[in-house]
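Residue numbers (this note's numbering), protein chains in the order written: chain A, 11 to 314; chain B, 438 to 731. C-beta atoms are modelled at their ideal positions from N, C-alpha and C, and glycine is treated no differently.
So this is what it looks like as structure tokens:
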């Protein structure tokens, strides 16, 4: 059995009267995991809890085998963190800053300088590494933030909204970098409220809504709905009526019928019904549920 | 067709030695010293600290020049020229300006630019971070207070009639007197700066606040302490800068009666207690503040 990189048990975190996390229990397997939820869902609090930067009101957290509450230093020795907000000193060069953050993790100065250069090369900033960070664009700053999070060779990297503030091209480059990290064997937990980013990048997903865990598991376990969608040519009403008459649950939106189906026998039923009613079928198949649809469904807000 | 190959160096996990928290503290302290001095920063960041340090040294050099004219330290002192104790006064405003940018520069930008969120994700505690910053402060404060004194001491030894080594060995007491006096200044200024630096993000504002508290606040406290009401003399304890000067004179066996706590009738040991209290209170205050931030 694969050892989990993160185990959270009944984690509750309160800021005064505000409950940021409510009895969250989850396990995260190695790989690239997405942490999704709306703004204020508790993503950043969960990430900071994993680093031992905020202490749980109740519950426990283990990260890479270490207890984040009682031994946060051991956790931080094997974890890298990329904060969401501004976190770069404007008056330092990229190479100096990334090298310094490596030294802060205990890397000897000479190795730290070498690692800083290598890491900045990896994120595509080899030419700009001796420029001052205050002169960097948002996209370049995000890359520096990513570089500092991996410069000391962590086993797990926590990325808080890494594509925040980036233009579409920059966003795609950042997501490609994150996918590459997974390819290098670094475990990644990436938070985002842009669900399509997570869909493109991650193997697993953790969904939070208002501090509650609403789903945790591999990405390919989603879309388990048995619904079949049929797009018809012409009026869908006769086909819908016949299928309803056969005891199926049918919903129609324009030319598309969504049929709740238990097994594959429904496909034959639909074809027979279409032949009987003279309805042309343009397209038919299992409904693909996007992460966004699943999130809305799990959060109890279908159709919003 | 070319045989050239493009290699993607990719990423290699770091499998070398990790030095631990002591090295982390050392790295932060080293970075703090560089930041105060503007090293590896833009040129304009270097101007103020290096100018102040240079002026401090220049004053010591001028005094050594005067020793050369008068032939010896004793001769110069007999002519009313400054010695070790007075040298503190001579560059005290320079030192105060220099110190005013140290702790604010060590703490403020990290908070204002959000860099603490990266730093505290590294394997270290708040105490490690603040301890390293304190080390950087102590090194820089010692350099402004002790380097001119050391230059003066070596200059005096070089010009001494009894010879260089004989002067050094014959004046060993100077070392502890200068060191203890400097420590008084460093601790009381550090305590005030820690409290100011923990809250004011911009270095210039923090420096101005510090100078205001120390200079204007000190004079105000002194004036109040002379007012004709019961207990007024306790206001002199708030003339913070005077405590270090009072203790310095005590250490050098001088009694000028020039400082507010002294005028209000307090013994020098009271000033020692106040210095210790301010240093401890400043440290505790800044630690409490950062426990919340981290």
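Just the chain B side, please: which residues come within less than 8 Å of residue 93 of chain A by C-beta, in chain order? 551, 554, 555 and 558
Unbroken alpha helix (DSSP H) run spanning residue 281 of chain A, endpoints: 275–287
For a cutoff of 8 Å on Cβ pairs, would you count residue 727 of chain B as touching chain A? no
Do residue 276 of chain A and residue 238 of chain A have their beta-carbon atoms positioned less than 8 Å apart in this structure? yes
Using a beta-carbon distance below 8 Å, is residue 570 of chain B in contact with chain A? no
Please determine, among B:459, B:531 and B:678, the residue with the shortest C-alpha to C-alpha distance to residue 567 of chain B. B:459
Kindly say whether residue 116 of chain A, judged by its beta-carbon, lies nearer than 8 Å to any beta-carbon of chain C. You won't find chain C in this structure, because its protein chains are A and B.
So, at 7 Å on beta carbons, what are the nonlocal neighbours of residue 174 of chain A in its own chain, with the 5 sequence-adjacent residues on each side left out? 94
Taking the Cβ atom as the reference point for each residue, do residue 576 of chain B and residue 470 of chain B lie within a distance shorter than 8 Å? yes
Given this structure, state the Cα-to-Cα distance separating residue 478 of chain B from residue 668 of chain B, to the nearest angstrom. 50 Å
Determine, for residue 104 of chain A, whether the minimum Cβ-Cβ distance to residues of chain B falls below 8 Å. no
Among A:212, A:256 and A:170, which one has its Cα closest to the Cα of residue 40 of chain A? A:212
Quick check: is the beta carbon of residue 542 of chain B nearer than 8 Å to any beta carbon in chain A? no
Is there at least one Cβ from chain A nearer than 8 Å to residue 461 of chain B's Cβ? yes
Same chain, Cβ closer than 7 Å to residue 112 of chain A, neighbours up to 5 away in sequence not counted: 122, 125, 126, 161 and 162
Exposure of residue 313 of chain A, with buried meaning 16 or more beta-carbon neighbours within 10 Å: Legend: pLDDT at residue 313 of chain A = 47, less than 50; position of this residue unreliable, no value from coordinates given.
Where residue 731 of chain B meets chain A, residues with beta-carbon distance less than 8 Å: 63
Measuring only the C-alpha atoms, how far is residue 59 of chain A from residue 75 of chain A? 15 Å
Just to confirm, are residue 130 of chain A and residue 87 of chain A a CB contact at a threshold of 8 Å? no
So residue 457 of chain B contacts chain A; which residues on that side make the cut at Cβ distance below 7 Å? 116
How about residue 513 of chain B and residue 527 of chain B: do their beta carbons lie closer than 8 Å? no
Compute the Euclidean distance between the alpha carbons of residue 545 of chain B and residue 52 of chain A, then round it to the nearest angstrom. 28 Å
For the ligand MN, I want to know if residue 257 of chain A counts as a neighbour, meaning its beta carbon is within less than 7 Å of at least one of the ligand's heavy atoms. As far as ligands go, the structure on display features none, and thus does not contain the ligand MN.
Mind checking who residue 142 of chain A pairs with in its DSSP beta bridge? A:103
With respect to the alpha helix (DSSP H) encompassing residue 476 of chain B, which residues constitute its N-terminal and C-terminal limits? Per DSSP, residue 476 of chain B belongs to no alpha helix (DSSP H) and is neither H nor E.
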